[in-house]
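Going by this note's numbering, the sequence shown runs without a break in its numbering and finishes at 1157. The beta-carbon is built from N, C-alpha and C at its ideal position, and this holds for glycine as well.
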Amino acid sequence: MKKFFIILKINIKKILLISFLFLISTILFFPEHFLKLDKVNKLVKNLGFELNYIQVLGNKTVLKDDIIKKIVFKNCDNLFCVNLKQSKNEIEKNNWVKSAKLKYNLPSKLSIVIEEEKPTFLLKENKNITLLNLEGKKIQDIKIISKDYKDLLILSGDGVENKIFNLLNIFSVSTSISEKIKEATLVSSRRWSLKHSSNIIIELPEDNPSKAFYKIVELENKYGFLNERLKKIDLRISDRMIIQLKNKSELLKENDV
């Protein structure tokens, strides 16, 4: 009989140990199932882990309220009920958000750090204007070009947003001249037509456009080549440069402006 009670006592200890381990495992690996229990949720909040404040940093264009609306909860409302991964994914669906970092700040604060996209180009498609980032990702359609975006390079042409890396390679030849290019048009998905700030059209060839662009850089550095009298520089034919000058009426019109 004594032996029976000893065995029973041991089995009870094993059952309690297994139950305890099961509870701990549930909390560690499936916290949402544990935390969503009403009593547990209230207990966690009473211990001080109630979500009292949401801090949002780094946002300039995206409204704080729009970010907060994207926070995902695990069927409960204490601090640890915020699903950090899903919330991050939802927030980053906004085209203005490049990345979002979320973390718990104990005992009762959630911090969200936003990195916004930086508009680098203006894409013109018929009458539509779209802000693009450096990689050509569309950020937002706009109706008018405000002062915040008036200095952005204007891109046009079918599939131009997929050829931005090619254009940047050409511009890497000379930063000083590239900064004065105001428009870039992809012609027939093959070559570039550029517009300089002095209203000069630069027609680059399909093959070796960087080499052709460098010719202009050399002439500009030596002679101040890109002046207001030029109308067009055509480099489409290998080893040739065809120059077209503006007539007097065009020069007078530009000077009046």
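Rounded C-alpha distance that separates Asp1134 from Trp996: As a working note, residue 1134 is residue 234 in the sequence shown. As a working note, residue 996 is residue 96 in the sequence shown. Rounded to the nearest angstrom, the two C-alpha atoms are 38 Å apart.
Limits of the alpha helix (DSSP H) - the one that Lys1115 falls within: In the sequence shown, the residue the question calls residue 1115 occupies position 215. 1109-1123 is the span of the alpha helix (DSSP H), which, as asked, contains Lys1115.
7 Å Cβ shell around Lys988 - same chain, five flanking residues per side excluded: Counting from 1 along the sequence shown, the entry for residue 988 is found at position 88. Closer than 7 Å at Cβ, skipping near neighbours: Ala1000, Leu1002.
Cut-off 6 Å between Cβ atoms - residues of its own chain near Asn959, not counting five sequence neighbours on either side: By 1-based counting over the sequence shown, the position of residue 959 is 59. Result list for Asn959: Ile1014, in chain order.
Under the three-state DSSP convention, the category Leu979 falls into: Within the sequence shown, residue 979 is the residue found at index 79, counting from 1. If DSSP states are grouped into helix, strand and coil, Leu979 belongs with the helices.
Host alpha helix (DSSP H) of Asp966 (start-end): Here the question's residue 966 lines up with position 66 in the sequence shown. Where Asp966 is concerned, the enclosing alpha helix (DSSP H) stretches over 964-968.
Any C-beta of chain D under 8 Å from that of Ile1054: The chain inventory of the structure shown lacks chain D, comprising one protein chain alone.
For Ser1093 and Ile971, the rounded distance between their alpha carbons: For the purposes of this step, residue 971 is taken as the residue at position 71 of the sequence shown. For the purposes of this step, residue 1093 is taken as the residue at position 193 of the sequence shown. In a straight line, the C-alpha of Ile971 is about 46 Å away from that of Ser1093.
Inter-stretch contact at 8 Å, needing at least 3 Cβ pairs: the segment 1051-1071 / the segment 1082-1092: yes
CB-CB length for Thr1020 against Asn1005, believed under 8 Å: What you label residue 1020 is simply residue 120 of the sequence shown in a count that begins at 1. What you label residue 1005 is simply residue 105 of the sequence shown in a count that begins at 1. Not really, about 33 Å apart at Cβ, beyond 8 Å.
For Leu1068, the three-state DSSP class (helix, strand or coil): Your numbering for residue 1068 matches position 168 in the sequence shown. If DSSP states are grouped into helix, strand and coil, Leu1068 belongs with the helices.
Per-residue burial, Pro1109 [other beta carbons within 10 Å of its own, 16 or more giving buried]: Translated into positions along the sequence shown, residue 1109 becomes position 209. Buried is the call here.
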